Amino acid sequence: MLRQRIIITFLFLPIILFLIVRGGWLYVAGISLALGLAAAEFGQLFRRVDLRPSIPLLVAGVVGLVIARFQLDSEKTELLLAGIGLLSMTWHLVDYDRGATRSGTDFAVTLAGIFYLGWIGAYMVELRLLPEGQWWVLIALPVVWISDTAAYLVGRRFGRRPLARRLSPNKTWEGYLSGVLTGTLAGAGLADLYGSLGGGVEVAGGAFVGFLVATVAPLGDLGISMFKREMNVKDTGTLLSAHGGALDRVDSWLWAGVLAFYAVIWIV
Numbered sequence: 196m197l198r199q200r201i202i203i204t205f206l207f208l209p210i211i212l213f214l215i216v217r218g219g220w221l222y223v224a225g226i227s228l229a230l231g232l233a234a235a236e237f238g239q240l241f242r243r244v245d246l247r248p249s250i251p252l253l254v255a256g257v258v259g260l261v262i263a264r265f266q267l268d269s270e271k272t273e274l275l276l277a278g279i280g281l282l283s284m285t286w287h288l289v290d291y292d293r294g295a296t297r298s299g300t301d302f303a304v305t306l307a308g309i310f311y312l313g314w315i316g317a318y319m320v321e322l323r324l325l326p327e328g329q330w331w332v333l334i335a336l337p338v339v340w341i342s343d344t345a346a347y348l349v350g351r352r353f354g355r356r357p358l359a360r361r362l363s364p365n366k367t368w369e370g371y372l373s374g375v376l377t378g379t380l381a382g383a384g385l386a387d388l389y390g391s392l393g394g395g396v397e398v399a400g401g402a403f404v405g406f407l408v409a410t411v412a413p414l415g416d417l418g419i420s421m422f423k424r425e426m427n428v429k430d431t432g433t434l435l436s437a438h439g440g441a442l443d444r445v446d447s448w449l450w451a452g453v454l455a456f457y458a459v460i461w462i463v
C-alpha cells in the first residue's frame, strides 16, 4: 500500500505544481475537477444510509461556486449561493412529492455539501488570486502534507494520548503537536526558499500561515472521518487506490485555503 501511495503521489505532483504555477483557467479547472469528484463522493456517502441528496446539484453547485469565485465579484457570488439554496429546496420538495420520505434531511445534506466543498473549497481559488498567490498556495498545500506526514510518523512511534478516540483512534496528541511544529517550520522554510526565487513572501508570514494551517486543517480530516464512521466505510471512494477517494484527499486542504487566505489579507 505504501508503494502505491508513493507512485500515485509522484504521478500527480508534477501536474499539481504545473496547475498552481500556471494559474488562470487551468488552475480553476483542476480545483473544480477535484472538488466536483469530492462532491459526488459526498453524495454517495450519504446514500449508503438511504438518504437521497442530489448528486447532480452537489456537483453543479460546487463547481459553479468555484468558477464564480474566479469570474464574479463577491455580491454576485453570494447571489449565486442563494440561488443554489432555492434550487436545492425546490428539487427536494418535488422529490418528496414523488415519494421520498426524508427530503428535509436530504435538502440539508445537499446544501451542506455544496457549502462545505464549494464555498469553503473555492478559497483555494481566491488564495491563488492574491498578489504572490502562487507562493501562498505553494506554502499552504505542502504544509498540509508535511504536517500530516510528521504527525503520522511521530504518532506511530511515540504516540500515547489519543487525540480523538472515536473518530480516529490512531491519531495522538504527540503526533498532532509534532505536526503543528513541523508545519510551522515548513512554512518558514518554504517562504525563505521562495523568497530566494523572487517570491514576495516573508519568513515570518510563512511561519504564521504554516502554524495556522497545521493547527486547524486536521479538523477537516476529522470531519470526514466522522462521516465515514457513521456510514461504516474506510474510504470515501476508490478513485486514487491506496489514497482512497477524492474527498479523502481534499478534506484537510479545504481549511488550508480559507485559513491561509484570511491570514494573508488580515495579518501577513
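Its first residue numbered 196, the sequence shown is counted upward by one per residue in my numbering. The beta carbon of each residue, even a glycine, is placed where N, CA and C say it ideally should be. Predicted model only: the values in this text are computed from it and were never measured.
Look up Ala-359 in the DSSP assignment and give the residues it is bridged to. Ser-363
Exposure of Thr-285, with buried meaning 16 or more beta-carbon neighbours within 10 Å: Counting Cβ neighbours within 10 Å, Thr-285 comes out exposed, since fewer than 16 surround it.
For Arg-247, the three-state DSSP class (helix, strand or coil): coil
Entirely enclosed alpha helix (DSSP H) segments - the stretch 279–321, minimum 4 residues: 298–308
What number of angstroms, rounded off, separates the C-alpha of Leu-336 from the C-alpha of Arg-356? 27 Å
Can you list, in chain order, the residues of its chain with a C-beta nearer than 7 Å to that of Gly-231? Leave out the 5 residues immediately preceding and following it. Val-254, Val-257 and Val-258
Quick one: grab the DSSP three-state call for Ala-399. helix
Where does Gly-382 fall in DSSP's three states? helix
What span of residues does the alpha helix (DSSP H) with Thr-344 cover, start to end? 328–353
So, with DSSP's three-state summary, where would you put Lys-423? helix
Find the nearest neighbour of Thr-410 within the set Ala-345, Arg-352 and Glu-425, judged by alpha-carbon distance. With respect to the C-alpha of Thr-410, the residue from Ala-345, Arg-352 and Glu-425 having the closest C-alpha is Ala-345.
Between the CA atoms of Leu-288 and Leu-197 - distance to the nearest angstrom: Annotation note: pLDDT 48 at Leu-197 (below 50); position unreliable, coordinate value reported separately. The straight-line gap from Cα to Cα measures roughly 46 Å.
Going by DSSP, what residue range makes up the alpha helix (DSSP H) through Ile-460? 448–461
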